[in-house]
Amino acid sequence: ACGIGESKVVQKTAVELFRRYDDQTEELVEYSYESLATASLYAACRMHSSPHTIAEIAPYSRVEPIKYQRAFRALNRELDVAIPLTKPVELIGNIVQQLVDEQVIHAYRKEKVITVSKDLLTNHSDPALENGDPRCIATSAVYCACKLLGSHISQQALTNVIPMHTETLRKYRRILTDF
């Protein structure tokens, strides 16, 4: 939790979830402690509206993402923990920061891109935006915001930093704007 810069509250929640996992050893015996710990951290982040994608947590875990994804699903199923779905608008800040870090977006445009991206998402009520992959939807909103602000960003440059298919980017771009 310290590695990804999470607060003490998130860390404490992750420990509590892990302990609840540990108490349920009969149902969760097939999962390693490392995958359960990573799943607990991922769940705690989401519970405290500090969402991180699986890809963001992966470098700090010693297990493959698929293993802690399965453990996360078990957390929801076995412990009946109310973990809210991640909303695309919650991911925009992290995505824009990644693009600034990789010098795809200029740092001085960061706040404006975040604002326009969030506006694009809050002003649309298409069901595809409610049922799709939140990371892909948020990334598409960032792409659209960059285009609206006159940034010369290519789809390929964006998908090199944020792993997704350019076809998926275009799909959500068409929903968000008339480019």
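Residue numbers (this note's numbering): 562 to 740.
Just so you know, even glycine gets a beta-carbon here, dropped at the ideal spot from N, CA and C.
CB contact flag (residue i, residue j, <8 Å)
i: Tyr603; j: Phe633; result: yes
i: Phe579; j: Ser611; result: no
i: Lys653; j: Ile618; result: According to the sequence displayed, residue 653 carries Ile and not Lys. Taking 8 Å as the Cβ cut-off, Ile653 and Ile618 do not qualify as a contacting pair.
i: Asn655; j: Ile644; result: no
Status (buried if at least 16 other CB within 10 Å, exposed otherwise) for residue i
i: Ala562; result: Here Ala562 scores only 49 on pLDDT, less than 50, and its place in the model should not be relied on; the value that follows carries that caveat. So Ala562 ends up on the buried side.
i: Arg607; result: buried
i: Ser622; result: buried
i: Lys573; result: exposed
i: Lys679; result: buried
i: Lys616; result: In the sequence under discussion, the amino acid at residue 616 is Ala, which differs from the Lys named in the question. Counting Cβ neighbours within 10 Å, Ala616 comes out exposed, since fewer than 16 surround it.
i: Ser568; result: exposed
i: Val570; result: exposed
i: Ala635; result: buried
i: Thr599; result: buried
i: Leu719; result: buried
i: His726; result: exposed
Limits of the alpha helix (DSSP H) - the one that residue i falls within
i: Gln658; result: 649-662
i: Asp584; result: 569-584
i: Val677; result: 671-683
i: Pro724; result: First-last for Pro724: undefined, no H or E at that position.
i: Pro688; result: 688-692
Beta-carbon separation (whole angstroms), residue i vs residue j, contact threshold 8 Å
i: Thr738; j: Cys705; result: 5 Å
i: Leu682; j: Pro649; result: 6 Å
i: Ile736; j: Thr700; result: Not really, about 13 Å apart at Cβ, beyond 8 Å.
Would the stretch 620-632 count as touching the stretch 652-666 if we require 3 or more Cβ pairs under 8 Å? no
Determine, using beta-carbon pairs with one atom in the stretch 721-731 and one in the stretch 681-689, whether at least three such pairs fall under 8 Å. no
Can you find at least 3 beta carbon pairs, one from the stretch 664-680 and one from the stretch 711-722, that sit closer than 8 Å? yes
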